[in-house]
Amino acid sequence: MTHWRPAPRPAPEAACDPLVLRIALALGVTTAAAFGLLHVWSVPLPLVMPIISAASFVAAVTLGLSAYRSAADHRGRDITRWDVAAIFALIWMATGMLSEPQHAVALFEQLTSAH
Numbered sequence: 573m574t575h576w577r578p579a580p581r582p583a584p585e586a587a588c589d590p591l592v593l594r595i596a597l598a599l600g601v602t603t604a605a606a607f608g609l610l611h612v613w614s615v616p617l618p619l620v621m622p623i624i625s626a627a628s629f630v631a632a633v634t635l636g637l638s639a640y641r642s643a644a645d646h647r648g649r650d651i652t653r654w655d656v657a658a659i660f661a662l663i664w665m666a667t668g669m670l671s672e673p674q675h676a677v678a679l680f681e682q683l684t685s686a687h
């Protein structure tokens with residue numbers, strides 16, 4: 573009986589320079605922190621958790637699709653896109669459980685009654 577063998581993966585593309593990756597990571601973290609602070613200051617306090625939940629859901633889906641599309645190895649030794657997508661999914665679930673939905677529902681009712 574033959575053993576199951578995983579399908580061959582496409583050859584990885586040429587790796588970027590580690591300095592470029594670190595600069596891109598620093599810019600991404602700085603941009604995310606700036607947008608996060610902007611949202612915290614511009615949104616009423618009860619809506620901060622639902623907004624973080626929605627943003628982390630979008631980030632998890634985007635990174636998951638990106639990892640799937642690039643055929644990234646989820647068993648890699650380093651942190652992969654799959655790992656980061658999983659972290660955002662956990663943040664999404666945690667903030668969704670910790671937030672109180674009546675504030676978001678009241679906001680949507682106010683928005684729909686205005687039209």
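For what it's worth, the working numbering labels the leading residue of the sequence shown as 573, then goes sequentially. Beta carbons are placed, not taken as given, at the ideal position from N, Cα and C, and that holds for glycine.
Within 10 Å of its beta-carbon, does TRP576 have 16 or more other beta-carbons around it, so buried, or fewer, so exposed? As a position in the sequence shown, residue 576 is number 4, starting the count at 1. Burial call: exposed.
Which class does ALA605 belong to by DSSP, given the choice of helix, strand or coil? Residue 605 sits at position 33 when you count from the first residue of the sequence shown. ALA605: helix per DSSP, three-state reduction.
What is the DSSP secondary structure of GLU694, counted as helix, strand or coil? The structure shown does not extend to residue 694, since the chain is modelled only from 573 to 687, so the question has no answer here.
Would you list, in sequence order, the uninterrupted beta strand (DSSP E) runs of no fewer than 3 residues that lie entirely inside the segment 615-648? none
Assuming THR634 and ALA644 form a contact by the criterion Cβ under 8 Å, report the distance between their Cβ atoms to the nearest whole angstrom. Here residue 634 refers to the residue found at position 62 when the sequence shown is read from its first residue. Here residue 644 refers to the residue found at position 72 when the sequence shown is read from its first residue. Between ALA644 and THR634 the Cβ distance is about 14 Å, and since that is not below 8 Å, they are no contact.
To the nearest angstrom, report how far apart ARG647 and TYR640 are at their CA atoms. Residue 647 sits at position 75 when you count from the first residue of the sequence shown. Residue 640 sits at position 68 when you count from the first residue of the sequence shown. Approximately 13 Å, taken between the alpha carbons.
Give the secondary structure of ARG577 by DSSP, where H, G and I count as helix, E and B as strand, and everything else as coil. Indexing the sequence shown from 1 puts residue 577 at position 5. In this structure, ARG577 counts as coil in the three-state DSSP scheme.
Would you identify the three-state DSSP class for ILE651, choosing helix, strand or coil? Locating residue 651 in the sequence shown gives position 79, counting from the first residue. ILE651 falls in the coil class under three-state DSSP.
Run the CB neighbour count on TRP664, radius 10 Å, all protein chains shown included, and call it buried at 16 or more, exposed below. If you number the sequence shown from 1, residue 664 lands on position 92. Looking at its Cβ environment, which holds 16 or more other Cβ atoms inside 10 Å, TRP664 is buried.
Tell me the rounded alpha-carbon separation between GLY636 and ALA657. By one-based count along the sequence shown, residue 636 stands at place 64. By one-based count along the sequence shown, residue 657 stands at place 85. Using only the alpha carbons, I get a separation of about 6 Å.
Own chain partners of ALA661 with C-beta closer than 7 Å, once the 5 adjacent residues on each side are dropped: Mapped onto the sequence shown, residue 661 falls at position 89. The answer, listed in chain order, is ALA632.
For PRO673, which of ALA626, SER614 and ARG649 has the nearest alpha-carbon? By 1-based counting over the sequence shown, the position of residue 673 is 101. Of the listed residues, the one whose Cα sits closest to PRO673 is ALA626.
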